[in-house]
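Just so you know, the sequence shown maps onto residues 1 to 516 in full-length UniProt numbering.
Ideal Cβ placement from N, Cα and C applies to all residues, glycine included.
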Amino acid sequence: MNLRAALALRRMPPKAKAAGKGRAPAKRKLPEEFPPGEVLTDTGKKAWKLGAPIGQGGFGLIYLADENSAKSVGADAPYVIKVEPSENGPLFSELKFYMRAAKPDLIQTWMKSHKLRTLGVPRYWGSGLHERGGKRYRFMVIDRLGTDLQKKFEECGKTFPRKLVLQLGLRLLDILEFVHDHEYVHADIKASNLMLSHSDPNQVYLVDYGLAYRYSPDGVVKEYKEDPKRCHDGTIEYTSIDAHKGASACRRSDLEILCYCMVQWLCGRLPWEDKLQDPLYVRDSKLRCQENISQFMTNCFSSQDKPDEIQKFMEEVKSLGYQDKPPYEKLRSILQTGLKSIHTKDDGTLDFTPANGGVSPPVQNKRTTKRKKADEESDTDGGSPKKKRVTKKKEVNGVKSPQKSPKPRKVASTGKQDEPKSRLVEMGTQTSPGLAQKPRGRPRKNSHQLEPSVHIEFRHARAKNTELFNIAFYMLQVSAYFPPTTDCYLRSDAPSCDVNNVYVCETGNYSDSDMM
Numbered sequence: 001m002n003l004r005a006a007l008a009l010r011r012m013p014p015k016a017k018a019a020g021k022g023r024a025p026a027k028r029k030l031p032e033e034f035p036p037g038e039v040l041t042d043t044g045k046k047a048w049k050l051g052a053p054i055g056q057g058g059f060g061l062i063y064l065a066d067e068n069s070a071k072s073v074g075a076d077a078p079y080v081i082k083v084e085p086s087e088n089g090p091l092f093s094e095l096k097f098y099m100r101a102a103k104p105d106l107i108q109t110w111m112k113s114h115k116l117r118t119l120g121v122p123r124y125w126g127s128g129l130h131e132r133g134g135k136r137y138r139f140m141v142i143d144r145l146g147t148d149l150q151k152k153f154e155e156c157g158k159t160f161p162r163k164l165v166l167q168l169g170l171r172l173l174d175i176l177e178f179v180h181d182h183e184y185v186h187a188d189i190k191a192s193n194l195m196l197s198h199s200d201p202n203q204v205y206l207v208d209y210g211l212a213y214r215y216s217p218d219g220v221v222k223e224y225k226e227d228p229k230r231c232h233d234g235t236i237e238y239t240s241i242d243a244h245k246g247a248s249a250c251r252r253s254d255l256e257i258l259c260y261c262m263v264q265w266l267c268g269r270l271p272w273e274d275k276l277q278d279p280l281y282v283r284d285s286k287l288r289c290q291e292n293i294s295q296f297m298t299n300c301f302s303s304q305d306k307p308d309e310i311q312k313f314m315e316e317v318k319s320l321g322y323q324d325k326p327p328y329e330k331l332r333s334i335l336q337t338g339l340k341s342i343h344t345k346d347d348g349t350l351d352f353t354p355a356n357g358g359v360s361p362p363v364q365n366k367r368t369t370k371r372k373k374a375d376e377e378s379d380t381d382g383g384s385p386k387k388k389r390v391t392k393k394k395e396v397n398g399v400k401s402p403q404k405s406p407k408p409r410k411v412a413s414t415g416k417q418d419e420p421k422s423r424l425v426e427m428g429t430q431t432s433p434g435l436a437q438k439p440r441g442r443p444r445k446n447s448h449q450l451e452p453s454v455h456i457e458f459r460h461a462r463a464k465n466t467e468l469f470n471i472a473f474y475m476l477q478v479s480a481y482f483p484p485t486t487d488c489y490l491r492s493d494a495p496s497c498d499v500n501n502v503y504v505c506e507t508g509n510y511s512d513s514d515m516m
């Protein structure tokens, strides 16, 4: 069910924003879909022809594109164009980074000076304003890319081979050094913001610069300053401790985020993923991690296959001050030593063969109650309690798998469905050129009544650009329309996940019409 459609059914006054839950800007409009063949002229007077739309981000639509000619834009088009209403903000924020740092000549010059064959920063080819039907639209032209690493991560059973993780770490060090040298930090590194090249599956690009922050305007590094209104900005499971405290992102923030990503790619999940709806819990878990990195690694990995290079990498990042320039070469050396320890090297080929046969590690059911008052209440269903079964931890690829939570038990049908007892909300926006897909098909009919457990998972990928707090309460209002046996969620890797594009589904089988 589209969240905007659901909100039309039920509205409630927005509650005052609580501290530490991210900023809530005004709702953004989505642009109308342009027909194939529409010609847009950028500020440099270059004309671009639109092809078919291939995706939708939180700001608007993404189209295949090519230089204007008599030919139509085909499926092999080398560019994409992002389009949003001119009054919206996300694309404008991203555009500032691309115009300052991602022009083709700047990237080429930096690659040459650093003796690199490739660099995973999409090239900026142009931008401008376009008028249609009395409305103004902002657009930007960049390289076309392929699939994102979140999809690859899931295809691999939510673990990457150790060699691949170290290779990705090396690629990202090159990218981040370039971004940092051009006065910016990315602040939202994650698998869904890493995309393979459309033409070369061995090249990885870091995309979505909507949260990019200019930490060093004109070479002057900004000082550390906490702002309670900015607490927890970013994607909650990966964001840095600086961001949790409300400080602007810095170079060490990007590297800390990279640490969490590499650990997750190796072992399947991070220890705090069971309570992502509680940013203070996540923050405190990360603080404990930084206080004792060795214990953190022991909790995540088996003693037989604990990657020492990741621990050394994390220790090096931990030692950095807020304004310090990272020792990029030393960090590269740590990862290269890790490759040598497993008798391999970075041969330029990214092998996504599943490390564990494509079997996902078991994940706990995320059952949490509402915050504040509801946190103090027990989650009872009127039935007699049952003892929880404890299963032994399995080791997959040398990694401890988390214990499974007991499945919801069957209860007798009373003809009246109970109110769902736990709801989480996951929100975010993504401006990478991915393919947006709506769930299709009709829900499966259940032959028996299950204990109600509606989950709407909360992972604010873009706290600055999402009405997180209000949306949580709106979702509670419209939850009456959700079947009680439905797990409702939207993963943070979804290519279209802002207020206009939240869907509820039972293993991906609901469409808008099913829920209206």
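Select from the options the residue whose C-alpha is nearest the C-alpha of residue i.
i, options, result
"Val-83", "Ala-75, Phe-97, Leu-64", "Leu-64"
"Gly-37", "Thr-43, Cys-250, Gly-51", "Gly-51"
"His-232", "His-130, Tyr-98, Lys-286, Lys-325", "Lys-286"
"Arg-251", "Met-140, Arg-136, Val-185", "Val-185"
"Tyr-137", "Tyr-124, Lys-115, Gly-89", "Gly-89"
"Phe-296", "Pro-85, Tyr-224, Tyr-260", "Tyr-260"
"Leu-206", "Lys-158, Leu-149, Ser-216", "Leu-149"
"Leu-266", "Ser-253, Gln-311, Asp-324, Asp-227", "Gln-311"
"Leu-116", "Lys-49, Val-73, Tyr-98, Gln-203", "Gln-203"
"Gln-167", "Ala-249, Leu-258, Glu-94", "Leu-258"
"Asn-32", "Lys-49, Ala-47, Trp-48, Ile-62", "It is worth fixing the name first, because residue 32 is Glu in this sequence and not Asn. Cα-wise, what sits closest to Glu-32 is Ile-62."
"Met-262", "Ser-199, Asp-274, Asp-200, Phe-313", "Phe-313"
"Pro-354", "His-114, Ser-216, Phe-153", "Phe-153"
"residue 587", "Tyr-98, Asp-346, Leu-339, Arg-288", "In the structure displayed, the chain extends from 1 to 516; residue 587 sits before or after that span and is not available."
"Ile-175", "Ser-216, Lys-163, Pro-201, His-114", "His-114"
Would residue i pass as a contact of residue j if the rule is Cβ separation under 7 Å?
i, j, result
"Asn-193", "Asp-208", "yes"
"Glu-309", "Thr-337", "yes"
"Gly-126", "Asp-42", "yes"
"Asp-188", "Gly-146", "no"
"Glu-226", "Ala-212", "no"
"Pro-78", "Arg-144", "yes"
"Arg-132", "Glu-183", "no"
"Glu-177", "Tyr-322", "no"
"Ile-142", "Pro-122", "yes"
"Val-73", "Lys-103", "no"
"Leu-335", "Leu-170", "yes"
Taking only the alpha-carbon atoms, compute the straight-line gap between residue i and residue j and give it to the nearest angstrom.
i, j, result
"Glu-237", "Asn-68", "42 Å"
"residue 550", "Phe-92", "With the chain represented from 1 up to 516, any question about residue 550 goes unanswered, as that position is not in the structure."
"Ala-480", "Gln-277", "With a pLDDT of 38 at Ala-480, under the threshold of 50, the modelled position of that residue is not reliable, and no figure is offered here."
"Asp-218", "Thr-118", "27 Å"
"Thr-165", "Val-220", "According to the sequence provided, residue 165 is Val. The question's Thr does not apply to it. If you take the alpha carbons of Val-165 and Val-220, they lie about 33 Å apart."
"Arg-100", "Lys-158", "36 Å"
"Gly-60", "Pro-85", "8 Å"
"Gly-44", "Arg-230", "36 Å"
"Lys-96", "Asp-305", "43 Å"
"Leu-320", "Arg-283", "19 Å"
"Ser-240", "Gly-120", "22 Å"
"Leu-173", "Ala-70", "42 Å"
"Leu-280", "Ala-243", "12 Å"
"Met-111", "Leu-331", "19 Å"
"Lys-407", "Gly-268", "Bear in mind that the predicted position of Lys-407 carries a pLDDT of just 47, short of 50, making it too unreliable to give a figure here."
"Pro-307", "Glu-87", "47 Å"
"Glu-155", "Asp-351", "13 Å"
"Gly-210", "Thr-344", "36 Å"
"Lys-318", "Gln-290", "7 Å"
"Ile-293", "Glu-316", "11 Å"
"Lys-190", "Pro-271", "17 Å"
"Asp-105", "Lys-46", "17 Å"
"Asp-324", "Asp-254", "12 Å"
"Val-80", "Leu-40", "12 Å"
"Ser-341", "Ala-75", "43 Å"
"Lys-222", "Pro-326", "16 Å"
"Gln-56", "Phe-301", "37 Å"
Classify residue i as buried or exposed, calling it buried when 16 or more other Cβ atoms lie within 10 Å of its own Cβ.
i, result
"Thr-391", "With a pLDDT of only 46 at Thr-391, under 50, the local geometry of the prediction cannot be trusted, and no value is derived from it."
"Gln-264", "buried"
"Pro-161", "buried"
"Tyr-124", "buried"
"Tyr-224", "exposed"
"Lys-135", "exposed"
"His-130", "buried"
"Pro-228", "exposed"
Report the partner residues of residue i according to the DSSP bridge assignment.
i, result
"Met-262", "Beta-bridge pairing links Met-262 to no other residue."
"Met-140", "Lys-82, Ser-127"
"Gln-56", "Leu-61"
"Leu-40", "Trp-48"
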